[in-house]
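Peer 1: After the structure tokens below, expect a handful of questions from me.
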Amino acid sequence: MSLRFENRFAELEAKKEGAFVPFVTLCDPDYDTSYEILQTLIEAGADALELGFPFSDPCADGPVIQKADKRALSSGARTDDFFALIAKIRETDPQIPISVLVYSNLVIARGIDRFYADCARSGIDAVLIADIPVGMMHTCDDFVSCARRHDIDNVLIAPPNADEATLQAVAKITRGYTYVLSRFGITGTDNQFGRPVEVIRRLNELGAAKPLLGFGISTPEHVKMALETGVAGAIAGSGVVRLVEKNLGDKVSMLRDIHDYVAKMKAATR
């Protein structure tokens, strides 16, 4: 079983740092540029990567990531390309933890066992299926068993109003890290976030995989505030994707802006 997430969290804890995890959409705006973006994220200090598989109907994502998905799919990129891109970046950095965010249709269309086998071959550590809630994942033996068969971590979402039964299910199934939502809604539409302190406290009591806080995190100040809630780190999604969109006509500026942004976000974890 991959222990990249666990090892990275241990390293950061020893240094008294939190984790900063940027999200980007794979193959946005195209395969080659996406590879350079991933390299830039690592060079700028990202502690782990959360990578989105482009999907035509990303129900949990707002306009920023929806447009990124459209750009990636319009470039001609398909699922094989997403796996190939991750395998290529895994050769660049054998240790950085990599999780992917997908929608269930993509997993089912490829075949659940084949999907997780491809994850293992390409160097993916964890999979978060955004449109399968905790209650359904708890009964989805195919997803859970296939992930475990191929040593892939299941990542579940803990909503800010999670009850005890939900938190216990999350703690039981989740490996790698737990994605804690700071608020309801979709990505990229609100720069404010809540502080689900009780949810985070209970997850830690239950021995759940390390919680990372996402949704609404876009500035270094947000990262600092997130860490004050007791999470192990923060995930920023739309912030990086906006920089891709802003600089579509100037790759040099795109990569520079992304590097500067990630470096500042990482600095806020120290």
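Going by our numbering, the first residue of the sequence shown is number 3, and it counts up by one from there. From the three backbone atoms N, C-alpha and C, an ideal C-beta is built for every residue, glycine too. What you are looking at is a predicted structure, and each value in this text was computed from that prediction instead of being measured.
Could you pull out every residue in the same chain whose Cβ sits closer than 6 Å to the Cβ of V109, ignoring the five residues on either side in sequence?
Peer 2: Taking the first residue of the sequence shown as position 1, residue 109 is located at position 107. If we look at V109 and ignore the five residues flanking it on each side, its Cβ neighbours are F117.
Peer 1: With 16 other CB atoms within 10 Å as the buried threshold, where does A164 fall?
Peer 2: Position 162 of the sequence shown holds residue 164. With 16 or more other Cβ atoms within 10 Å, it is buried.
Peer 1: Grab me the residues of A16's own chain with a C-beta within less than 8 Å of its C-beta, minus the 5 sequence neighbours each way, in chain order.
Peer 2: For the purposes of this step, residue 16 is identified with residue 14 of the sequence shown, where counting begins at 1. Nothing meets the Cβ criterion.
Peer 1: In angstroms with no decimal places, state the Cα-to-Cα distance between V55 and Y33.
Peer 2: Your numbering for residue 55 matches position 53 in the sequence shown. Your numbering for residue 33 matches position 31 in the sequence shown. The residue you asked about is not Val; residue 55 is Phe in the sequence shown. Between F55 and Y33, the C-alpha separation is close to 12 Å.
Peer 1: Contact between the region 161 to 177 and the region 85 to 103 is defined here as three or more beta-carbon pairs at a separation below 8 Å; is this criterion met?
Peer 2: no
Peer 1: Closest by CA to V157, which one among E52, S58, Y37, A70?
Peer 2: For the purposes of this step, residue 157 is identified with residue 155 of the sequence shown, where counting begins at 1. Cα-wise, what sits closest to V157 is E52.
Peer 1: Using beta-carbon positions only, say whether G178 and D262 come within less than 8 Å of one another.
Peer 2: Sequence index remark: in the sequence shown, residue 178 carries index 176 (1-based). Sequence index remark: in the sequence shown, residue 262 carries index 260 (1-based). No, these two residues do not count as a Cβ contact at 8 Å.
Peer 1: Could you please give the first and the last residue of the uninterrupted alpha helix (DSSP H) stretch that includes T180?
Peer 2: The residue you call residue 180 lines up with position 178 of the sequence shown. Counting along the chain, T180 falls outside any alpha helix (DSSP H), though it belongs to the beta strand (DSSP E) covering 180 to 183.
Peer 1: Can you give the Cα-Cα distance for E19 and D259, rounded to whole angstroms?
Peer 2: Translated into the one-based positions of the sequence shown, residue 19 becomes position 17. Translated into the one-based positions of the sequence shown, residue 259 becomes position 257. Straight-line Cα distance between these residues: approximately 23 Å.
Peer 1: Among residues of its own chain, excluding the 5 on either side of M256, which ones have a beta-carbon nearer than 7 Å to its beta-carbon?
Peer 2: For this step, residue 256 is matched to residue 254 along the sequence shown. Correct list, in chain order: L245, V246, N249.
Peer 1: Tell me the rounded alpha-carbon separation between I188 and L130.
Peer 2: Counting from one through the sequence shown, the residue named residue 188 turns up at place 186. Counting from one through the sequence shown, the residue named residue 130 turns up at place 128. Since pLDDT at I188 reaches only 44, below the 50 mark, its modelled position is unreliable, and no value is offered.
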